[in-house]
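Protein chains: 2
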Amino acid sequence: MNSIAFPAPVASVDADLRRRAAAVIPGGMYGHQAAKHLWPGAPQFIASGEGAVVRDVDGREYIDLLCSYGPIVLGHRHPEVEAAAREQAMLGDCFNLPGPRMVELAERLTGIVDYADWAMFQKNGTDATTLALTVARAHTGRKGVLMATGAYHGAAPWCTPIPLGTTPGARADLYNYRYNDIASVEAALAACGDDLAAIIVSPFRHDAGLPQELVEPEFARYLRALCDEKGAMLVLDEVRCGMRLGFGSSWAGIGVAPDLSAWSKALGNGHPIAALMGIDVLRPAIEKIFTTGSFWFSSVAMAASLATLDVMAREGSVARMHTLGQVLWDGLLAQAAKYGVDCSLTGHVTMPYLCFPGESDWAKTDVFAAACAKAGVFTHPRHNWFISAALSDAQMAQILEATGEGFAAVAAIGD
Amino acid sequence: MNSIAFPAPVASVDADLRRRAAAVIPGGMYGHQAAKHLWPGAPQFIASGEGAVVRDVDGREYIDLLCSYGPIVLGHRHPEVEAAAREQAMLGDCFNLPGPRMVELAERLTGIVDYADWAMFQKNGTDATTLALTVARAHTGRKGVLMATGAYHGAAPWCTPIPLGTTPGARADLYNYRYNDIASVEAALAACGDDLAAIIVSPFRHDAGLPQELVEPEFARYLRALCDEKGAMLVLDEVRCGMRLGFGSSWAGIGVAPDLSAWSKALGNGHPIAALMGIDVLRPAIEKIFTTGSFWFSSVAMAASLATLDVMAREGSVARMHTLGQVLWDGLLAQAAKYGVDCSLTGHVTMPYLCFPGESDWAKTDVFAAACAKAGVFTHPRHNWFISAALSDAQMAQILEATGEGFAAVAAIGD
Numbered sequence: 001m002n003s004i005a006f007p008a009p010v011a012s013v014d015a016d017l018r019r020r021a022a023a024v025i026p027g028g029m030y031g032h033q034a035a036k037h038l039w040p041g042a043p044q045f046i047a048s049g050e051g052a053v054v055r056d057v058d059g060r061e062y063i064d065l066l067c068s069y070g071p072i073v074l075g076h077r078h079p080e081v082e083a084a085a086r087e088q089a090m091l092g093d094c095f096n097l098p099g100p101r102m103v104e105l106a107e108r109l110t111g112i113v114d115y116a117d118w119a120m121f122q123k124n125g126t127d128a129t130t131l132a133l134t135v136a137r138a139h140t141g142r143k144g145v146l147m148a149t150g151a152y153h154g155a156a157p158w159c160t161p162i163p164l165g166t167t168p169g170a171r172a173d174l175y176n177y178r179y180n181d182i183a184s185v186e187a188a189l190a191a192c193g194d195d196l197a198a199i200i201v202s203p204f205r206h207d208a209g210l211p212q213e214l215v216e217p218e219f220a221r222y223l224r225a226l227c228d229e230k231g232a233m234l235v236l237d238e239v240r241c242g243m244r245l246g247f248g249s250s251w252a253g254i255g256v257a258p259d260l261s262a263w264s265k266a267l268g269n270g271h272p273i274a275a276l277m278g279i280d281v282l283r284p285a286i287e288k289i290f291t292t293g294s295f296w297f298s299s300v301a302m303a304a305s306l307a308t309l310d311v312m313a314r315e316g317s318v319a320r321m322h323t324l325g326q327v328l329w330d331g332l333l334a335q336a337a338k339y340g341v342d343c344s345l346t347g348h349v350t351m352p353y354l355c356f357p358g359e360s361d362w363a364k365t366d367v368f369a370a371a372c373a374k375a376g377v378f379t380h381p382r383h384n385w386f387i388s389a390a391l392s393d394a395q396m397a398q399i400l401e402a403t404g405e406g407f408a409a410v411a412a413i414g415d
Numbered sequence: 001m002n003s004i005a006f007p008a009p010v011a012s013v014d015a016d017l018r019r020r021a022a023a024v025i026p027g028g029m030y031g032h033q034a035a036k037h038l039w040p041g042a043p044q045f046i047a048s049g050e051g052a053v054v055r056d057v058d059g060r061e062y063i064d065l066l067c068s069y070g071p072i073v074l075g076h077r078h079p080e081v082e083a084a085a086r087e088q089a090m091l092g093d094c095f096n097l098p099g100p101r102m103v104e105l106a107e108r109l110t111g112i113v114d115y116a117d118w119a120m121f122q123k124n125g126t127d128a129t130t131l132a133l134t135v136a137r138a139h140t141g142r143k144g145v146l147m148a149t150g151a152y153h154g155a156a157p158w159c160t161p162i163p164l165g166t167t168p169g170a171r172a173d174l175y176n177y178r179y180n181d182i183a184s185v186e187a188a189l190a191a192c193g194d195d196l197a198a199i200i201v202s203p204f205r206h207d208a209g210l211p212q213e214l215v216e217p218e219f220a221r222y223l224r225a226l227c228d229e230k231g232a233m234l235v236l237d238e239v240r241c242g243m244r245l246g247f248g249s250s251w252a253g254i255g256v257a258p259d260l261s262a263w264s265k266a267l268g269n270g271h272p273i274a275a276l277m278g279i280d281v282l283r284p285a286i287e288k289i290f291t292t293g294s295f296w297f298s299s300v301a302m303a304a305s306l307a308t309l310d311v312m313a314r315e316g317s318v319a320r321m322h323t324l325g326q327v328l329w330d331g332l333l334a335q336a337a338k339y340g341v342d343c344s345l346t347g348h349v350t351m352p353y354l355c356f357p358g359e360s361d362w363a364k365t366d367v368f369a370a371a372c373a374k375a376g377v378f379t380h381p382r383h384n385w386f387i388s389a390a391l392s393d394a395q396m397a398q399i400l401e402a403t404g405e406g407f408a409a410v411a412a413i414g415d
């Protein structure tokens, strides 16, 4: 068992903020950004960041391998993105009507995502996944949706991973399959019967706390063919992967195009934006439904997104993230071998998930992440990490020093 | 019937943007900011704004009586709010963890809203109303929710005003009552039986396209007593009214405190933020549910909200909006009388709703709004307007000149 002593809480800005937060925020903090999900001794608050570095409220700096759980692709406060946001803010953001940036962004995205004929914008990834199902149901006149067991498609009542507080009705008409398992899709389809409106699927299996699984191309092609056969909509949930696996559809490489896709996170390099994209045949259904949000038409996040996409296209940021991710991936495996640690690395090189096979108490992952943090690198013990294009070669070397410390610490506690 | 000739479309930046939008945005535009909801001849795109003035993409200026459908309380690009946002943006916005602004904002809001013990933050008003029901259901272990017929609580599947694309299950466990009608609440309760988790209600009845209705204090007190008796949660939907009717709870004046309240719009003077506030007894339930969003912990909108609340407290912005709204209200009624036009003005002085009794084709409201727009004032023919504290006395005089033109145009077309 874990005999490593984690640092005891000390008087600090973080501790003071935690005390204040406990008084006015339920549980002190909630959601994916509650520090309890990180390593023991992790901070709860971050004060600032620049490029690939974040600084907690007590002044400790970390090279960022979590990238705000996905939104940061170009590094924090990327100069060109922030300049575009500031320039738009000088004109205004949230008006009675949208501005030109909305049209420009829809044009840009439909140019980048090959199958997309149109785009609509929201604020949360959950807005986009939820709207995708609404559009699919409006178009097909059916209710049934097939989704993978354990997949995260957001935190709305229909999909939040903890059903407490939701109603059975909100989670009805959903049929679970296992990712990459065609037979399980057939079983889910049998349960759904003639009511299939959509199949929702992520570009790869990236469930939290479990080894990740890349999509098998024949599985993706099977889903596409099944939707074609049944007149159902194939919905690709790009919220976490979008603009990381590729600059465009994450499934472009395997030649499978969905009918609808939900995007968010990386689109605006941290600015709050989400998008639903889809094909022309869905337009009449969309014109009959009602969906909106107070800030869905705001221009600043759209200007930031345009700049993010400009930089990514010009600098080949996705290729850079692939290169950096491969260096990290290879380095981690070499270190695990060197220290004789049984380590599993799964997922995509730009979004690696590290765990230690056989452990059920997270002791090793906690020790690993804590050692990385002590050595100045911010990882996550139970969630995939994210690469940003802002990482320099020198920072990559620092990261590998830190992960070396992590493996040494894991090796030290033994099995 | 309406014989007024509305302006024909002409070559313009707006027309060009509409053509481009039609190619890449379903319906050319969707949601509440589609120009089809405004007067014939209205623009679809706004380029910029400052204080109480917005400018469309063809350079026409309007004094803003719609305030982005609610978010703008201090005027567009308020210097102090924008400075706070820029200052925070220099530190960063969206990180792996929240920042100090989140604690400060929760402290500030619980200080302003008398019954609130805690606050949680989101991006959309719909996020907050939806989360309110989840919390109420998790706390009570029940499913049933009473909501007013025709009330707008957002655009999620459970509440979007057009059910196409939603499932019966998503809209189950909801029981309609009529606003201010105690007997109808009793009937809804009878249908719900022992399963009452919550009653959701807006501070006044502000359904789109219908005369508004202020709450009868005995109705509010009845709802409070009923929830107490049944162990159910009273949820006040402050998304549209919050920080306009009062600086704090919209029902503070009638002495009725809800258990939960959903806020958004005015909180950040246009920056994207929403909040759920509530009482301490709900904390254990909240700690057991899961809710989150990629941008819910971002600091820039929170810094903007802190500055907005600072300015409002220091300058008495709510009182200023009440004064301005009363001047407008009185002026409109005097003009209607002068022109012999049967005009109904309902709702709250800071959020007036104008219509012409007896008409079902919107001909008069369209003519009125078009005349206002021609005279440089942006209103809405089928939705309540919003006052901002940025309006100067000179602008108020301009507004009343424009509304005078509106009544003259309505009088000219007769009945």
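Listed in order, the protein sequences are those of chains H and P.
When you line the first sequence up against full-length UniProt numbering, it's residues 1 to 415, in that order.
When you line the second sequence up against full-length UniProt numbering, it's residues 1 to 415, in that order.
Ideal placement from N, C-alpha and C gives every residue a C-beta, glycine not left out.
Residue i in three-state terms, based on DSSP
i      : result
P:T291 : coil
P:S249 : coil
P:I413 : helix
P:N2   : The pLDDT assigned to P:N2 is 45, lower than 50, so where the model puts this residue is not dependable, and the model offers no usable value.
H:L174 : strand
H:P217 : helix
H:L234 : strand
H:E80  : helix
H:G31  : helix
P:D56  : strand
H:M243 : coil
P:L65  : coil
P:V328 : Just to set this straight, residue 328 of chain P is Leu in the shown sequence, not Val. DSSP places P:L328 in helix when its eight states are reduced to three.
H:L196 : strand
Amino acids of chain H, ordered along the chain, whose beta-carbon sits closer than 8 angstroms to that of residue i
i      : result
P:D173 : T167, G169
P:A155 : F290, T291, T292, G293
P:I286 : P26, G27, Y30
P:Y69  : N96, S294
Expected contact under 8 angstroms - CB spacing of residue i and residue j to nearest Å
i      : j      : result
H:H139 : H:A23  : Wrong, their Cβ atoms sit about 48 angstroms apart, outside the cutoff.
P:Q33  : H:P100 : That belief does not hold up - the Cβ atoms of P:Q33 and H:P100 are roughly 14 angstroms apart, past 8 angstroms.
P:V73  : P:T308 : 7 angstroms
P:G270 : P:P71  : 5 angstroms
H:G49  : H:R19  : In fact, because the Cβ distance is near 24 angstroms, the residues do not count as touching under 8 angstroms.
H:T130 : P:P163 : That belief does not hold up - the Cβ atoms of H:T130 and P:P163 are roughly 14 angstroms apart, past 8 angstroms.
Cross-chain neighbours of residue i in chain P, by beta carbon under 7 angstroms
i      : result
H:I387 : Per Cβ cutoff of 7 angstroms: no residues; H:I387 is ~14 angstroms from chain P at best.
H:W296 : G31
H:K143 : T167
H:T134 : P157, G165, T166
Contact check, residue i vs residue j, beta carbons under 8 angstroms
i      : j      : result
H:A397 : H:H380 : no
H:A197 : H:K123 : no
P:Y30  : H:T291 : yes
H:V235 : H:I200 : yes
P:G125 : P:S264 : yes
H:I46  : P:F95  : yes
P:G170 : P:Y177 : Per the sequence shown, the amino acid found at residue 170 of chain P is Ala instead of Gly. Not in contact: P:A170 and P:Y177 (Cβ atoms no closer than 8 angstroms).
H:E287 : H:A262 : no
P:L210 : P:V185 : no
In DSSP terms, what residue i is bridged to
i      : result
P:H322 : For P:H322, which the question treats as bridged, DSSP gives no partner whatsoever.
H:P352 : H:G347
H:W263 : H:A275
Beta-carbon neighbours of residue i, restricted to chain P and to distances below 9 angstroms
i      : result
H:W263 : Residues of chain P passing the Cβ test: none, with the nearest at roughly 11 angstroms.
H:S48  : M90, L91, G92, F95, G99
H:W118 : A23, V24, I25, P26
Interface residues of chain H facing residue i [CB-CB closer than 7 angstroms]
i     : result
P:L66 : N96
Interface residues of chain H facing residue i [CB-CB closer than 9 angstroms]
i      : result
P:D207 : None at all; the shortest Cβ gap to chain H is about 14 angstroms.
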